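This note's numbering applies: residue 10 is where the sequence shown begins, and numbers increase by one.
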Amino acid sequence: MKKAVFLLVLLSCLSVNAQYILDERERATVVDEILDDRFNNLLPDLMDAADIDMWVVISREYNEDPVIRTMLPATWLNARRRTILLFYRNKEKNSIEKLAVARYNVGKNIISAWDKEKEPDQWKRLMQLITERNPKKIGLNFSKDHNIADGLDKTDYDEFMRYLPKKYSNKVVSAEQLAVRWIETRTAREMVIYNQLVDITHDIIAEAFSEKVITPGVTTTSDVEWWMRQKVTDLGLETWFHPTVDVQRSKEELVGHLYSFSGRPEDTVILPGDLLHCDFGITYLRLNTDCQELAYVLRPEERSAPDFLVNGLKDGNRVQDFLTSNMIKGRTGNEILAKSLKEAKAAGLRPAIYTHPLGMYGHSAGTTIGMWDSQGGVMKDDGENYPLNPNTVYAIELNTTINIPEWKRDIRIMLEEAGFYGEDGFRYVNGRQTELLLIPRVKDHQGN
């Protein structure tokens with residue numbers, strides 16, 4: 010009991026040491042406590058908002074629905090055999106049943122409702138539970154445009170419909186809105202934890218982009234990438250994508266945006282005068298970060314970055330401001346994108362915005378605000394129709410192209426930070442980069 014209280018106090022403190030990483034048992038306690046809160050305090054409201062009184066989530070071992078992965082207790086690393094979860098919301102009684110058509114309970118929240126000795130057929134038992142509750146709507150996880158809400162495979166869908174009594178066939182609906190809201194919505198406690206995740210992410214980037222890791226003329230971009238990857242492992246964390254580090258310098262032309270994602274030289278030696286950029290994120294306590302920051306490698310005679318790069322970062326921050334000021338509840342991703350680009354261009358900037366939901370997955374569920382190759386809008390439901398909702402986290406990902414006369418070329422200022430949209434509007438989860446990181450850090454004895 011004392012240990013649980015200690016964990017609660019620890020995680021409710023925003024000033025917690027970023028490098029304090031919970032051990033596996035402590036993490037399991039936190040994950041299960043958050044699940045309990047989400048099932049009992051969040052899910053009923055989400056089901057009411059989606060107008061779905063029964064939600065059936067079906068998955069098989071090693072072929073898990075993305076939604077069911079977020080519902081399993083900490084000690085379940087996968088579904089088992091065929092795992093069927095049934096959530097029934099009785100709004101009149103203000104109750105929610107959380108049942109598993111499985112041989113055993115799914116953690117402490119979801120209770121087994123199948124005795125195989127009494128009814129050997131799992132599907133028949135599921136239909137008994139449905140008939141007993143006589144739902145108005147039965148939500149299943151299929152969706153054309155929201156990939157995370159499309160986790161029901163064809164075999165299980167066909168079997169479900171084959172067993173379902175005919176009188177319920179017209180009550181089957183897509184649960185995409187419910188699934189997306191479940192995935193995208195953050196609770197108050199999750200947001201306290203998110204602050205720590207982003208703080209850890211910032212600390213790793215700051216160390217990677219320092220003289221502790223980089224020796225100009227020796228260290229390569231690949232060296233830094235693998236250092237970041239190893240640092241995550243050494244801390245007992247995970248990453249959901251391989252880190253990337255790239256260089257922009259005076260004697261090169263600006264290449265296509267695809268270069269930032271693929272086709273980059275793997276072993277570029279980092280030199281004085283380089284502008285470094287990284288893309289990096291971690292996974293911890295079932296949440297994810299996604300961050301891009303910039304660093305400048307000082308020349309021997311320099312004690313600060315050139316003004317043209319300092320001002321370039323300010324332009325990147327201005328694009329961020331245009332975007333986040335347009336993040337208003339109910340707007341679609343395409344509406345936010347169009348307004349933000351229009352305002353930024355009117356201010357003389359050359360922006361590109363490709364901001365995505367962030368949370369239980371790195372590229373998570375919610376409204377999509379542009380893609381790097383779709384600056385006219387995302388022509389599917391998550392861009393055209395799905396609205397910005399409160400209590401959601403986004404990777405504020407974008408760039409602005411600036412001309413550097415001193416380098417006789419254009420460069421891109423590429424930034425990405427976790428941002429929270431709540432009832433009171435937008436805020437960054439743990440701040441944003443407003444100053445270039447310097448390599449090495451300036452000390453009193455450095456410079457001319």
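The beta-carbon is built from N, C-alpha and C at its ideal position, and this holds for glycine as well.
Owing to the predicted nature of the structure, the values given are computational and were not obtained by experimental measurement.
Checklist line | Nonlocal neighbours in the same chain, by C-beta distance under 6 Å from Pro281, ignoring five residues either side | finding: Pro225, Val306 and Arg308
Note to self: Quick check on the burial criterion: 16 or more other C-beta atoms within 10 angstroms. Buried or exposed for Thr333?
What the structure shows: buried
Item checked: DSSP-derived helix/strand/coil call for Tyr71 -> coil
Notebook entry, point to check: With 16 other CB atoms within 10 Å as the buried threshold, where does Leu284 fall?
Noted result: buried
Margin query: On the DSSP letters alone, give me the boundaries of the alpha helix (DSSP H) that Asp324 sits inside.
Written below: Asp316 to Ser334
Check: With a CB to CB cut of under 6 Å and the five nearest residues on each side skipped, what residues in its chain are close to Phe169?
Finding: none
Note to self: Extract the residue ranges of the beta strand (DSSP E) inside the segment 109–148, only unbroken runs of 3 or more that lie entirely within it.
What the structure shows: none
Margin query: Phe331 and Ala217 - do their beta-carbons sit closer together than 9 Å?
Written below: no
Next item on the list: Classify Leu55 as buried or exposed, calling it buried when 16 or more other Cβ atoms lie within 10 Å of its own Cβ.
Entry: buried
Next item on the list: Tell me, please, whether the segment 169–186 touches the segment 252–262 by the rule of three or more beta-carbon pairs shorter than 8 Å.
Entry: no
Checklist line | C-alpha distance - Val18 paired with Asn412, whole-angstrom precision | finding: Low local confidence applies: a pLDDT of 41 at Val18 is under 50, so the model's placement there is unreliable, with the coordinate-based value given in what follows. Their backbone Cα atoms lie some 49 Å apart in a straight line.
Notebook entry, point to check: Any C-beta of chain C sitting closer than 9 Å to the C-beta of Ile147?
Noted result: The structure shown contains no chain C, having only a single protein chain.
Next item on the list: Check the DSSP bridge columns for Asp255 and list the partner residues they point to.
Entry: His286
Item checked: Start-to-end residues for the beta strand (DSSP E) that takes in Ile213 -> No beta strand (DSSP E) holds Ile213; the alpha helix (DSSP H) holding it covers Ala197 to Ala217.
Next item on the list: Just confirm the distance between the C-beta atoms of Pro252 and Cys300, as a whole number of angstroms; I'd bet it's less than 8 Å.
Entry: Between Cys300 and Pro252 the Cβ distance is about 10 Å, and since that is not below 8 Å, they are no contact.
Next item on the list: Have a look at Tyr437, Glu199, Lys354 and Ala304 and flag the residue whose alpha-carbon is nearest the alpha-carbon of Leu447.
Entry: Ala304
Check: Measuring CA to CA, which of Ile337, Ser349 and Leu318 is closest to Asp458?
Finding: The structure shown has nothing for residue 458, since the chain only spans 10 to 457.
Notebook entry, point to check: For Gly375 versus Ile93, is the C-beta distance shorter than 9 Å?
Noted result: no
Next item on the list: Just the C-alpha distance for Thr443 and Ala215, rounded to the nearest angstrom, thanks.
Entry: 13 Å
Next item on the list: Go through its chain and collect everything with a Cβ distance to Ser68's Cβ below 6 Å, but skip five positions before and after it.
Entry: Asp74, Ile77, Ala88 and Thr92
Checklist line | Contacts around Thr228, its chain only, beta-carbon distance under 6 Å, and the 5 residues preceding and following it disregarded | finding: Ile279
Next item on the list: Just mark Thr298 as buried or exposed, buried being the case when its beta carbon has 16 or more other beta carbons within 10 Å.
Entry: buried
Next item on the list: Less than 8 Å between the CB atoms is what I'm expecting for Met136 and Tyr97, so what's the real figure, rounded?
Entry: No, Met136 and Tyr97 are not in contact; Cβ-Cβ is about 14 Å, not under 8 Å.
Next item on the list: For Leu445, count neighbouring C-beta atoms within 10 Å of its own C-beta (all shown protein chains included) and say buried if the count is 16 or more, exposed if not.
Entry: buried
Checklist line | Inter-residue Cα distance where the pair is Asp165 and Trp236 | finding: 43 Å
Notebook entry, point to check: Under the three-state reduction of DSSP, which class applies to Leu16: helix, strand or coil?
Noted result: For Leu16, the predicted structure reports a pLDDT of 45, less than 50, and the residue's modelled location is therefore unreliable. The matter cannot be settled from this model.
Check: Can you tell which of Ala122, Pro174, Arg441 and Lys102 has the C-alpha that lies nearest to the C-alpha of Ile108?
Finding: Correcting the residue identity first, residue 108 is Leu in this sequence and not Ile. Among Ala122, Pro174, Arg441 and Lys102, the Cα nearest to that of Leu108 is on Ala122.
Check: Do Asn439 and Asp208 come within 9 Å of each other at the CB atom, strictly closer than that value?
Finding: yes
Notebook entry, point to check: What are the partner residues of Gly434, as DSSP defines its beta bridges?
Noted result: Gly431
Next item on the list: State the DSSP-derived secondary structure class of Lys107, mapped to helix, strand or coil.
Entry: strand
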